[in-house]
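Numbering (this note's numbering), first residue to last: 153 to 909.
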């Protein structure tokens with residue numbers, strides 16, 4: 153049979169006419185007893201109860217766990233990964249007993265709800281197959297589950313596949329202890345570590361074909377948590393028992409709904425939705441043992457082994473995007489260096505660096521964490537401190553070695569290491585600057601700010617005014633030069649004023665991202681921070697001073713997002729990076745009208761090597777001499793001959809809507825006795841009003857997109873096609889109407905309005 157799903161006919165391969173029944177409590181008790189007695193498993197009692205609750209066939213699980221003379225581990229599967237052996241079993245579990253873990257695919261995004269703290273556990277000093285998640289409170293957990301499901305479905309969905317043939321590949325799961333900072337009672341549950349997209353998609357199927365991703369997320373939270381609060385129950389039941397009762401009651405309600413939907417000769421749509429998602433296959437990890445000689449702390453062995461499995465799956469099978477992989481590799485490498493303990497750096501200091509890298513420590517806490525009130529608590533200084541810490545000679549090689557081991561490569565260059573750092577450094581401004589994040593990360597993969605001097609011995613010079621570092625930098629102070637290189641380089645990369653050069657940008661107009669010569673990003677930063685390059689040092693200093701983590705500058709090479717902007721709500725001066733003029737007291741270049749000149753990537757690259765840029769541009773102009781119209785701007789100096797000169801003004805690019813307010817949106821109804829002119833006027837007012845409402849809605853979505861977290865998006869990918877098609881259909885119909893009224897003469901005047909976006 154086929155079933156309609158969001159306008160698509162889905163072939164249903166098979167549908168079960170009967171759902172599994174709830175097992176007896178005695179069968180669940182047997183799982184906890186046999187599992188605890190197995191010498192090759194390592195779970196506490198509460199975790200075994202979570203495993204038993206999740207299994208639809210606890211009798212079969214007990215058989216797999218029971219050791220025999222021939223099989224001391226029972227029927228458990230063994231999986232050897234780097235540094236550890238995991239013991240797992242495969243079974244089918246209730247969908248409603250699974251919670252999502254931390255989603256690596258969105259790990260490089262800015263989320264409104266922060267990740268929980270993750271801590272490994274031990275049992276009698278040995279690795280335990282349980283991880284502890286720590287949330288602020290129960291609402292934090294609910295919001296996090298909702299956000300994970302919503303953002304996952306916004307990224308991808310397997311709903312059509314699951315509807316047609318169920319979830320076929322096992323979800324990789326293990327027990328997790330959920331703890332809370334506000335004192336809420338802890339509980340254990342099974343968490344999905346790999347297969348979160350399949351888990352979320354199954355809930356999307358349960359939510360129905362008309363539901364959006366947010367609806368599926370709401371359904372999951374309501375079904376798993378109900379109205380259970382943190383307070384104690386009058387009957388003395390624990391929080392774990394109350395949540396288990398909510399889930400079991402929900403399954404019973406769903407089973408009743410299934411029976412009604414399947415009562416007819418043909419299965420109902422709702423019955424198929426339930427049948428295909430009621431249970432899912434799972435691989436459950438219940439034991440872990442570290443290999444001899446492995447130096448990771450016992451509490452980190454299990455989680456590192458799980459992350460190793462996930463990383464291998466998503467490199468060989470369905471890879472995460474490069475930024476997600478880089479975050480995973482970099483944070484795991486740093487964690488390993490901390491646990492190995494062979495670096496000549498105090499573990500406490502490395503833990504601070506780790507907290508910064510994963511986002512647990514916010515920039516405002518920098519002075520407290522480093523014990524120095526002089527250290528500015530800004531996003532840019534967070535980046536400086538991270539670059540400094542991760543590139544110290546005593547850590548740099550160790551981190552590269554661990555990263556190579558995790559990635560399975562034989563070598564890692566400085567560029568490769570810089571690529572790992574990109575999505576860690578940009579954490580505070582990922583949302584505000586997401587329009588240029590791809591280009592910024594490409595710049596990091598091209599070397600970033602890892603100059604030769606930055607990779608040597610130096611220490612950041614603390615300041616809240618980077619221009620004070622220019623003079624000591626020119627006097628030979630390596631600390632000042634490297635601080636400027638890192639601070640200014642990060643700012644230039646983040647604001648797309650320094651990118652990975654490609655052939656199409658060579659000698660292109662400066663307003664379009666052109667550069668006078670091609671060079672790797674780290675070499676441009678290195679030349680800008682040279683001791684004898686006053687223009688370059690001032691470029692770095694002023695860019696670092698003007699850097700803001702909450703928005704993009706107006707002269708970032710990303711034009712489209714600035715075409716429509718409402719400035720009336722802005723306070724203070726506009727955010728613009730400015731070109732340098734060493735002859736001016738404030739070092740800011742101005743045109744003949746006294747207006748500051750914006751900085752472009754052309755100016756940045758030119759400032760890095762002015763002799764090379766001048767020669768390259770002169771040769772370029774000579775090649776153009778045969779052209780009848782010679783190139784403009786043939787001023788007397790090399791600096792004056794740059795494309796765009798030094799007197800360009802930022803393009804405002806603003807458009808304003810018509811001052812005409814839409815009239816009454818109602819129209820005259822029946823055409824009987826109503827003149828056509830009047831009816832046409834009413835419909836025109838309706839059209840204008842509808843377009844004005846659409847503009848208000850789109851502006852509202854754009855504002856949310858600028859200020860909210862970068863994930864989940866304000867409009868999901870699947871919706872863009874429908875919205876765009878609706879707009880194209882409207883545009884086509886309007887153009888057809890224009891042709892009917894005006895004919896095909898392109899010189900005929902337009903009827904009324906200016907074109908809108």
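Using N, Cα and C, we set each Cβ at its ideal position, and we do this for glycine too.
Please read these numbers as outputs of a predicted model, since none were measured by experiment.
Review point. Nearest-angstrom Cα distance between residue 435 and residue 206?
Key: 12 Å
Margin query: Please return the same chain residues whose Cβ sits closer than 6 Å to the Cβ of residue 227, not counting the five positions on each side in sequence.
Written below: 216
Exercise. DSSP state of residue 478, grouped into three classes?
Worked result: helix
- Is the distance from the Cβ of residue 167 to the Cβ of residue 319 below 8 Å? no
- Run the CB neighbour count on residue 603, radius 10 Å, all protein chains shown included, and call it buried at 16 or more, exposed below. buried
DSSP beta-bridge partners for residue 207?
245
Quick check for students: name the residue ranges of the beta strand (DSSP E) that lie wholly in the stretch 837–877, counting only runs of 3 or more. none
- request: Identify, in the order they occur along the chain, each residue of the same chain with its Cβ nearer than 7 Å to the Cβ of residue 553, setting aside the five sequence neighbours on each side.
  value: none
### residue 251, buried or exposed, once every other Cβ within 10 Å from all chains shown has been counted against 16
buried
**Message:** Less than 6 Å between C-beta atoms, sequence neighbours within five positions excluded: which residues of the same chain meet that for residue 244?
**Reply:** 208, 431, 433
key: Secondary structure of residue 382, DSSP reduced to three states   = coil
Check your understanding: Under the DSSP definition of a beta bridge, which residues are partnered with residue 461?
Key -> Beta-bridge pairing links residue 461 to no other residue.
Practice prompt. Could you tell me which of 616, 615, 586, 535 sits nearest to residue 600, measuring between CA atoms?
Written response: 535
Which residues in the same chain have their Cβ closer than 6 Å to the Cβ of residue 529, if we skip the five residues on either side of it in sequence? 515, 516, 518, 519
Does DSSP put residue 375 in a helix, in a strand, or in coil? helix
Item to complete: Give the secondary structure of residue 196 by DSSP, where H, G and I count as helix, E and B as strand, and everything else as coil.
Response: coil
Query raised in the report: Mind checking residue 886: buried by the 16 CB within 10 Å criterion, or exposed?
Result: exposed
Which same chain residues end up closer than 8 Å to residue 155 when comparing Cβ atoms and leaving out the 5 residues on each side of it in sequence?
161, 162, 164, 315, 421, 424
Look at residue 594 and residue 652 and say whether their C-beta atoms are less than 8 Å apart. yes
Open item on the list: Just verifying my parser: in three-state terms, what is the DSSP assignment at residue 729?
Closed with: coil
#### Entry: Exposed unless 16 or more other CB atoms sit within 10 angstroms - verdict on residue 365
buried
What does the Cβ neighbour count give for residue 856, buried or exposed, with the cut at 16 atoms within 10 Å? exposed
If I measure Cβ to Cβ from residue 497 and keep anything under 7 Å in the same chain, skipping five residues before and after, which residues do I get? 546, 547
*With which residues is residue 275 paired in a DSSP beta bridge?*
278
Does the Cβ-Cβ distance between residue 696 and residue 618 come in under 8 Å? yes
Practice prompt. With a threshold of 16 other CB atoms inside 10 Å of the CB of residue 363, please say whether the residue is buried or exposed.
Written response: buried
* **Spatially closest choice to residue 912 from 403, 767, 289, by CA coordinates** => Given a span of 153 to 909 for the chain in the structure shown, any question on residue 912 remains unanswerable.
field: residue 305 Cβ short of 7 Å to the ligand FAD heavy atom set
entry: Of ligands this structure carries none, so the ligand FAD is not represented either.
Residues in the same chain with beta-carbon distance under 8 Å from residue 611, minus the five sequence neighbours each way, listed in chain order, please. 540, 631
task: Rank 662, 282, 183 by C-alpha distance to the C-alpha of residue 451 and give the top, closest one.
output: 282
Contact check, residue 247 vs residue 240 under 8 Å by CB: the rounded distance?
With 8 Å as the limit, residue 247 and residue 240 do not qualify as a contact, their Cβ atoms being about 19 Å apart.
Handout entry: Ordered list of alpha helix (DSSP H) runs contained in the stretch 349–434, each at least 4 residues
Key = 365–377, 391–413, 421–427
Worksheet item: Can you name the start and end residues of the alpha helix (DSSP H) that residue 570 belongs to?
Response: 566–577
query = First and last residue of the beta strand (DSSP E) that includes residue 327?
reply = 323–332
Which first and last residues belong to the alpha helix (DSSP H) in which residue 674 is found? 673–680
Exercise for review: Keeping to the same chain, check which residues put their C-beta closer than 7 Å to that of residue 309; ignore five residues upstream and five downstream.
Suggested key: 353, 356
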